[in-house]
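Here it is, written out as structure tokens:
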């Protein structure tokens, strides 16, 4: 769509602004229909973002978007409308705020709960420098549960600065928002307990509410008033919006239309669906099985489990640390918690994985979804560090199934495994037979009499290895393939028995600290040569997974070239 | 001291219990005077712990100690009095709760804020199993600021179980407790704002207060009442105690007597003192310098900085994640934040290091204190993972100074370095000249014409290498030594120029993912042989640092043996 100038917006009447909102909403819907992305959350915040741009002066004033998935209207209003159809495409606009993309994006986000802390940091620096712009944190009610928010609120008195916190309350954090903090907000908007504002006042926030947050005639004066109130203190503006506003299907199915992604490929299975099926089957037989999620019941495949086993299913909101410790606590009492979470979000629970789960050697199973390059959501969502940050934690077993069938087998084996287990897997992939397996054992998929063995981890990399092997055999050459289905403990018996001089590791993870380093450590000073494909030491932006994997180091071409070089040496 | 039986305690009158409290207090003081440990926090909670043991039935009932440093009275009352003088000694009692040590310790802790989540997990499992014991989380007002607590409180309604949260409010979290949450508590105990109980009620907690928490005649009935109230809902019992109670010096100097540690050795310097001096000097010249801490101003050496630059000094309470994001926010506005924190506590901010600081490539300097084996505090405090969890983060520079002088030089260089920097260092060590250095460059300390080069990181390991080299030269052999003062970026120019066939790395870190792996990755398939000393894949318990380092893999003896083996091979 056309770029709308700040001057046009600032001078527009409410009816004109409403018209602009319709243009924006259409552009968002049409773009997401093609590019994928976050739909309902952006449809719900069109008026709020337009009002913020009308009342504040960006980029002089600064706005931090919590998580950042709801920034589309902001992008459209900050000179990026003409490029908006490149959204989430490689080389195009990011679906999240990016400082390198525009001066209007003052802080990059992607995970929940950072906005208030970041806004406070920006405001504290402003004060020290004697500057005077305004700083806004825009946060959804789901993120507002995250512990980081309370750490930030706790420090308002200490920091002695002024920011505006806008809580966009649509009642959802992908899954419906749960918990006491959200009850505080709900009781305020329904007028049930106006005294709840004490919670915010206690932390130094002046509370203001707009309960028809898709109505500009209410929003604009409220924002003007909030801006005035900012002269004296921090302000929390509670804005109630409707997720999916303007599109009836999105309004009625906000969880299903939160993120609109690529469809699974032909013959592909969702790993999450397999997780749900296996956990239900396990729970049927074993009363110790419980499932835990941090606000992503559906996308992790747990809807049916939650329906069938409500007492053994825990959605604790966007609280990844708490979920880990809760699992550890349950495990001390003999339960078998399965904690399903995306790879990058598990980074939030790093300390708790180490201390609460692994140091106590408790049987908690981490189901690490969206591992490897996840794609269009970009650098904050690429699951390329999990092998690196899990590989050095004592007591932890790390599994990397080669397909959905093997994933099922590992889940089943995990139920009777007496220690912490992490299983990392991508969104979707190939089905496969469920054959029994032994924890900690790799698998030789193809032996070879040649001097080259490929050790590949996970579906993307094993498929690359298979295709390269097939191509090589077409020209009379051969390589073997090992399925590295466990990174930890390392299968030293199998590795020690491989006769090949050349070992090539392939992994959908950063090169530093992953499978390649583990295999090379084992073979050090043995006379074997170890070569590794994995991601270089860089953050990986948004794009299509296959294209990004190739660009950052993992592809058939790279493997083919590497093997070609070895053959050329004889 | 003698073991006091549960029967004796249960049948004792208040005067008899007071007498027991005096015995306990004397034993704690005398033991800590010899063994080191947490003094004031334990002196303050003697009555509270005695009252809990009187009113509840441990180990049938379960108590989770937040952080766990205040568990001494509990250990003395649970059959471990006769071993108490082994506290924090290798093979002796841990200074923290340990499930493997006693059935009375139901959950291991060490870092802040996990107690409520763990207690909820234990209670949820109890309910699922149809059992009926009580679950208590005992938490200090300092830890109560941590975001994890609010994640746990947020889920009370969801989990629909019953626990007792005892908040031990002594106004201190090592440094004085700061922030809005503590203000809520303070205004309750002073009667200023009784309506503050709404904050807790909103989350589903019944609030009860005991404002003379060192007086058993108030404590005991309050605990009985809390136990009754637990039948209907979760209860928060706010107990005000005096840190250091009973010892006037401890009462008046609670921060200095929070932890009583070993004295620095002859000629040793505290790295933290150097940090404070350098930051003050830098801040004098450069208005962009700010210092951030999570409640440990004194032990990190920042007291003088806070006195001299109060507007540029931020203690945000035990909120490690928030502190990181706050730094990132300030850095986007051109400030130069130095965030000082212990190595293991930085694990809490892992996701924020990756996304907020490094993905945005912001000039935040992490001053990572107590790196390597820290000693008697045990496994939750050993800083042996930081090289592993920092080494794979893109954009991050990782420095490991060889002594206090080099630490100063890196701090100075950091002030004009345009990217994220982590400097890891132990508590105390040797002074040394402050010579200019280049970021990313290692240093050849001793070249050699022999075939063996040692690459050592950090003071402990360089000292080991130096002593081994001296000993070898005494018998006519020689080795070279490289000071690996930067792990990242790796100094490929220097490493590429080393002619030796054998390279030995020595590091005060886990072997997986540290210096050894980085050096071996560089030398892969080069014909060089790389051997590494570092810590095996295990958690390291409490004890004296030198003894533990030796036992877990890093010592002169191990290095000597390794080199001996190489010489034997010719």
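Residue numbers (our numbering), protein chains in the order written: chain A, 6 to 575; chain B, 6 to 575. The beta-carbon is built from N, C-alpha and C at its ideal position, and this holds for glycine as well. Since this is a predicted model, take the numbers as computed values, not measurements.
Using a Cβ-Cβ cut-off of 8 Å (strictly less than) and excluding sequence neighbours within five positions of residue i, which residues of its own chain qualify?
i, result
"residue 246/A", "49, 50, 52, 53, 173, 174, 175, 218, 219"
"residue 490/B", "404, 405, 406, 407, 411, 415, 442, 446, 447, 448, 462"
"residue 397/A", "518"
"residue 164/B", "125, 128, 129"
So, helix, strand or coil for residue i, using DSSP?
i, result
"residue 185/A", "helix"
"residue 491/A", "strand"
"residue 43/A", "strand"
"residue 420/A", "coil"
"residue 202/B", "helix"
"residue 109/A", "coil"
"residue 597/B", "There is no way to answer for residue 597/B, as the model of chain B reaches only from 6 to 575."
"residue 222/B", "helix"
"residue 479/B", "helix"
"residue 448/A", "strand"
"residue 178/A", "strand"
"residue 95/B", "coil"
"residue 543/B", "coil"
"residue 104/A", "coil"
"residue 136/B", "coil"
By DSSP's criteria, residue i is part of a beta bridge. Which residues make up the other side?
i, result
"residue 370/B", "343/B, 426/B"
"residue 68/A", "141/A"
"residue 211/A", "240/A"
"residue 173/A", "145/A, 244/A"
"residue 511/A", "461/A, 538/A"
"residue 319/B", "297/B"
"residue 264/B", "43/B"
"residue 404/A", "428/A, 491/A"
"residue 413/A", "DSSP output for residue 413/A lists no bridge partner at all."
"residue 398/B", "None, per the DSSP bridge assignment."
Kindly list the residues whose CB is nearer than 7 Å to the CB of residue i, restricted to its own chain and excluding five residues on each side of it in sequence; keep chain order.
i, result
"residue 189/A", "201, 204"
"residue 102/B", "70, 73, 76, 110, 112, 113, 114"
"residue 409/B", "274, 276, 279, 434, 435, 436, 437"
"residue 495/B", "523, 527"
"residue 493/A", "396, 401, 402, 403"
"residue 474/B", "451, 484, 486"
"residue 440/B", "414"
Among residues of its own chain, excluding the 5 on either side of residue i, which ones have a beta-carbon nearer than 6 Å to its beta-carbon?
i, result
"residue 69/B", "112, 120, 123, 124, 142"
"residue 3/A", "In the structure as shown, chain A begins at 6 and stops at 575. Residue 3/A is therefore absent and cannot be evaluated."
"residue 109/A", "63, 64, 83"
"residue 310/B", "281, 284, 285, 296, 318"
"residue 483/A", "453, 455"
"residue 580/A", "The structure shown does not extend to residue 580/A, since chain A is modelled only from 6 to 575, so the question has no answer here."
"residue 194/A", "216, 245"
Is it the case that the CB of residue i approaches a heavy atom of the ligand SAH more closely than 7 Å?
i, result
"residue 276/A", "The ligand SAH is not part of this structure, which contains no ligands at all."
Which residues, in chain order, does the region 178 to 205 of chain A contribute to contact with chain B at a C-beta distance below 9 Å?
Closer than 9 Å at the C-beta level to chain B, one finds these residues of the region 178 to 205 of chain A: 183, 184, 185, 186, 187, 188, 189, 192, 198, 200, 201, 203, 204.
Of the residues that make up the region 110 to 124 of chain A, which ones have a beta carbon closer than 7 Å to any beta carbon in chain B?
Within the region 110 to 124 of chain A, 111, 112, 113, 115, 116, 119, 122, 123, 124 place their CB atoms closer than 7 Å to a CB of chain B, listed in sequence order.
Pair every Cβ in the region 233 to 253 of chain A with every Cβ in the region 351 to 360 of chain A, then say whether three or more of these pairs are closer than 8 Å.
Between the region 233 to 253 of chain A and the region 351 to 360 of chain A there are fewer than three inter-stretch CB-CB distances shorter than 8 Å, so the stretches are not counted as touching.
Whether or not the region 331 to 342 of chain A and the region 314 to 328 of chain B are in contact is what I'm after, with contact meaning three or more pairs of Cβ atoms, one per stretch, closer than 8 Å; do they touch?
Counting Cβ pairs under 8 Å, fewer than three are found: no touch.
What are the residues in the region 148 to 182 of chain A lying within 8 Å of chain B by C-beta distance?
Only 150, 151, 152, 153, 154, 155, 156, 157, 158, 159, 160, 161, 162, 163, 164 from the region 148 to 182 of chain A bring a Cβ to less than 8 Å from some Cβ of chain B.
Under 8 Å: do the region 526 to 540 of chain A and the region 495 to 506 of chain A share three or more Cβ pairs, one atom per stretch?
Counting Cβ pairs under 8 Å, three or more are found: they touch.
I want to know whether the region 148 to 159 of chain B touches the region 125 to 138 of chain A - three or more CB-CB distances under 8 Å.
No, they do not touch.
Check whether the region 312 to 320 of chain A and the region 282 to 297 of chain A are in contact - that is, three or more C-beta pairs closer than 8 Å.
Short answer: they touch.
The region 540 to 558 of chain B / the region 365 to 381 of chain B touching (three or more Cβ pairs under 8 Å)
The region 540 to 558 of chain B is in contact with the region 365 to 381 of chain B.
Counting Cβ pairs, one atom from each stretch, are 3 or more of them under 8 Å apart for the region 366 to 373 of chain A and the region 252 to 266 of chain A?
Segments in contact, no.
Got a sec: which bits of the region 305 to 318 of chain A sit with their beta carbon under 9 Å from any beta carbon on chain B, in order along the chain?
Here the close residues are 316, 317.
Under 7 Å, CB to CB, which of the residues in the region 380 to 405 of chain A have a partner in chain B?
Taking 7 Å as the Cβ-Cβ cut-off against chain B, the residues of the region 380 to 405 of chain A that qualify are 384, 385, 390, 393, 394, 396, 397, 399.
Please name the residues in the region 82 to 108 of chain A whose beta-carbon is closer than 8 Å to at least one beta-carbon of chain B, in chain order.
Residues of the region 82 to 108 of chain A with a C-beta atom less than 8 Å from some C-beta of chain B are 104, listed in chain order.
Against chain A: residues of the region 321 to 338 of chain B by CB proximity under 7 Å
From the region 321 to 338 of chain B, only 321, 322, 324, 326, 327, 330, 331, 332, 333, 334, 335, 337, 338 have a Cβ closer than 7 Å to chain A.
Using a Cβ cut-off of 9 Å, which residues of the region 127 to 138 of chain A contact any Cβ in chain B, in chain order?
Going along the region 127 to 138 of chain A in chain order, one finds 127, 128, 129, 130, 131, 132, 133, 134, 136 with a Cβ nearer than 9 Å to chain B.
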